[in-house]
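Down below is the structure, laid out as structure tokens.
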Amino acid sequence: MNSLAINPFPSKGELVVLFAGHEQTKPSHKVGPQVHDYYLVHYIISGRGRFRCMGRDYELGPNELFFIFPGELVYYESDSAEPWRYRWIGFRGDQVDRLLAVLDLSPHSPTLHVEQGRRNAALFLAAELTLKQGDPGCDMRSEGYMRLLLGDWSRRRSAVPASKQAEHPARQHVEQAMRWLNLQYPKPISIEEMAHTLGYHRTYLSKIFKQFTGLPPMGYLLKIRMERAASLLQESLTIEQVASSVGYPDALYFSKQFKKYHGVTPSEYRAQRAGRRYEC
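So for the sequence shown, the UniProt record's numbering puts the first residue at 1; every next one is plus one.
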């Protein structure tokens, strides 16, 4: 049994609730491996199961949360004897990274234990019921419930574990920058803007980014855009529409960048992909 309510009036801003729901999963219920382009948090009411993120498994039970980050490959499965019953909220926003950083949450540390289970369940339910009402004010009210949850979790977050302390602090900064780029790539972006938004010095961010990823920030941004463009070229969009969708207002410049990256022009790439589908 499951239920899902979708926000009919999603805004753009610091924090936006996209949907909320709940489910009593079946034994050995499996989800993934999959990647999302939004954040997703599950609150476990009862049962047990396993969550996998960045190659690490987490055994989770009642009053525990697990967070899914955009662009991260995840997998989760309910126990065969005691399957999960959980509630979830999907959300996005240009300040989500900052809000989750307060809780020391990242793909390397995606779980959290909470104490007041009844209050958590009530706030998750309130967000879902608000979206089900579907009136123009549901967007702001659901955001309010999400902020209450974040506020509660921040008070109950335990001290940073030793394993987290041992992790190179720069890695967390790089992960934050990568998530920011994965969400902002359709817009005009500069290193200065990204560094200012994330609160880091431009030179420091560029240095550690290349240290951990092997690419400078703008090189990573190009990779995101070109891979997304290749995917969009398989849909019924014009070259101009694809260019605009990945942050290039100038379609000619986009085509030059695409050819430099993929070795063929967007039109040639589209024709090649169409030919392969025809052969199949």
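The beta-carbon is built from N, C-alpha and C at its ideal position, and this holds for glycine as well.
Since the structure is predicted, the reported quantities are computational estimates derived from the model, not experimental observations.
Per DSSP, residue 169 is one residue of the alpha helix (DSSP H) stretching across 169 to 184. Taken atom to atom, the span from the alpha-carbon of residue 2 to that of residue 21 is near 7 Å. Residue pairing of residue 78 in beta bridges, as defined by DSSP: 49.
Per DSSP, the continuous alpha helix (DSSP H) segment holding residue 97 begins and ends at 96 to 101. In this structure the stretch 61 to 78 lies against the stretch 103 to 115, because at least three pairs of beta carbons, one per stretch, are closer than 8 Å. Secondary structure at residue 153: helix, using DSSP grouped into helix, strand and coil. A residue is called buried once 16 or more other Cβ atoms fall within 10 Å of its Cβ, and residue 211, having fewer, is exposed. Per DSSP, the beta-bridge partners of residue 109 are 106. From the listed residues 245, 129 and 53, the smallest Cα separation to residue 185 is found for 245. At the C-beta level, residue 109 and residue 175 stay beyond 8 Å of one another. If the five residues before and after residue 69 are omitted, its C-beta is found closer than 6 Å to the C-beta atoms of 107, all from its own chain and listed in chain order. By the C-beta criterion, the stretch 228 to 236 is judged not to be in contact with the stretch 198 to 210, since fewer than 3 inter-stretch pairs fall below 8 Å. In terms of CA proximity to residue 238, 266 leads the group 258, 260 and 266. Residue 2 carries a strand assignment under DSSP once its states are collapsed to helix, strand and coil. The continuous alpha helix (DSSP H) containing residue 133 extends over residues 117 to 133. When Cβ pairs closer than 8 Å are counted between the two stretches, the stretch 130 to 139 is seen not to touch the stretch 22 to 29, the count staying below three.
Sequence-distant Cβ neighbours of residue 89 in its own chain, meaning closer than 7 Å and more than five residues away, are 17, 20, 41, 124, 127 and 146. Setting aside the 5 residues that flank it on each side, residue 250 is surrounded in the same chain by 243, each with a C-beta closer than 8 Å to its C-beta; the list follows chain order. Counted as a single uninterrupted DSSP element, the beta strand (DSSP E) harbouring residue 32 occupies residues 30 to 34. Excluding five sequence positions before and after residue 120, the CB atoms of its chain that fall closer than 6 Å to its own CB belong to 43 and 114, given in chain order.
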